[in-house]
Every structure is written in C-alpha cells, then in structure tokens.
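Just add 4 to wherever you are in the sequence shown, counting from 1, and you've got our numbering.
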Amino acid sequence: MDVVGNVEFSGSLEPNAVPGSTGEILMSQGAGTAPIWGPIMLNPGVTTGYGKFYITGITVSAFSILTLTIADPNCVPGSSISASWTGPVPWTNLEKANVTIENIEAESGQFVITIINNNATAGWTGMQIAYVAFY
C-alpha cells in the first residue's frame, strides 16, 4: 500500500491478526515479513523520545581518564542515558575490571561520558560504546 496523505484506523491495527497490547511498539522484522509487537513503552507521558546509538573508534590509554563529549540535540539535563562496552573487547576479565565507564552527565544539547582506565600497562584502540538515551 502506498498512501499520500493521512491514514485513519477505525479499528485496531493487527499484523498477522494480532492486535497487540496497550503501550506496545510495532517492530519491523525486515522485508517480506509481518511486523510484530515489541516491548511496552513505560511512562510514555514523560518520555518525549528515545534512541539507541553507538560511539566507535575510542582509544583508551593506559592509566588514564578519558572524557567524551557527545553532541545530541535532544539531550536535556533531565535525560537518562545508559552506556556499556559493545563489540569484541580485547581484554581479559581481570583487565576489564580496571576499565570503567565511570560517569554519564546529561547536559543541554550534549552528554559527557567519563571513562577511567586504572590498568597501568594496557591501553586499547578501536573500542565501542552502545548507549540508550531517554529524553
């Protein structure tokens, strides 16, 4: 169906005859496959938007504090941001214990991530962080 203009529903939207539940998000399963209902969006009254993003190409030097400032025009001081390392990591569990995402601060138009590497002998390049932001 290709529609120019508005689409109105007088009943429920039911992909594969499944109506979904209140608050669920319709998620694509790719070309040629019916979408499915995904997780429920909690607290929609105060969440104006959300997104999942990646920061790539991070270099963490041995025994260092790294501050990353990420421009995000949707970010406000009340935004909630959660971040973690993603992708293949070159360290062992013992080494990882000394590399932490220490702090995330939401600001107007940006947020700041502080990473601390307390490993005195090892630094890494090409690291990645995945983060989810709720605005």
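Idealized CB from N, CA, C, for every residue including glycine. Bear in mind that the values here come from a model prediction, so they are computed numbers and not experimental data.
| said: Can you give me the C-alpha to C-alpha distance between Asn102 and Thr63, rounded to a whole angstrom? | reply: Asn102 and Thr63 have their C-alpha atoms spaced approximately 15 Å apart.
| request: Grab the span of the beta strand (DSSP E) containing Met5 for me, first residue to last. | output: No residue range can be given for Met5, since it is assigned to no beta strand (DSSP E) and is classified by DSSP as neither H nor E.
| Over what stretch of residues does the beta strand (DSSP E) that includes Trp41 continue unbroken? | For Trp41, the uninterrupted beta strand (DSSP E) run begins and ends at Ile40 to Ile44, by DSSP.
| said: Quick check on this structure: which residue in Ile120, Gly15 and Ser112 has the alpha carbon closest to the alpha carbon of Ser84? | reply: Considering only alpha carbons, the answer is Ser112.
| request: Could you tell me the distance, in whole angstroms, from the CA atom of Trp89 to the CA atom of Gln132? | output: If you take the alpha carbons of Trp89 and Gln132, they lie about 6 Å apart.
| So is Ile44 buried or exposed if we call it buried at 16+ other beta carbons inside 10 Å? | Taking all protein chains in view, the Cβ of Ile44 is surrounded by fewer than 16 other Cβ atoms within 10 Å, so the residue is classified as exposed.
| How long is the line joining the alpha carbons of Gly127 and Cys79, rounded to whole angstroms? | One C-alpha to the other measures close to 30 Å.
| message | Residues in the same chain with beta-carbon distance under 8 Å from Thr26, minus the five sequence neighbours each way, listed in chain order, please. | response | Excluding positions up to five away in sequence, the list reads Ile44.
| field | C-alpha distance - Thr152 paired with Ile74, whole-angstrom precision | value | Outside the displayed span of the chain (5 to 139) sits residue 152, for which this structure offers no information.
| Who are the Cβ neighbours of Tyr139 in its own chain at under 6 Å, not counting the five residues just before and after it? | Closer than 6 Å at Cβ, skipping near neighbours: Thr52, Gly53, Asn78 and Ser83.
| Skipping 5 residues on each side, what residues in its chain have a beta carbon closer than 6 Å to that of Lys56? | Val136, listed in sequence order.
| said: Rounded to the nearest angstrom, what separates Ile40 and Val7 at their Cα positions? | reply: Here the alpha carbon of Ile40 sits roughly 21 Å from the alpha carbon of Val7.
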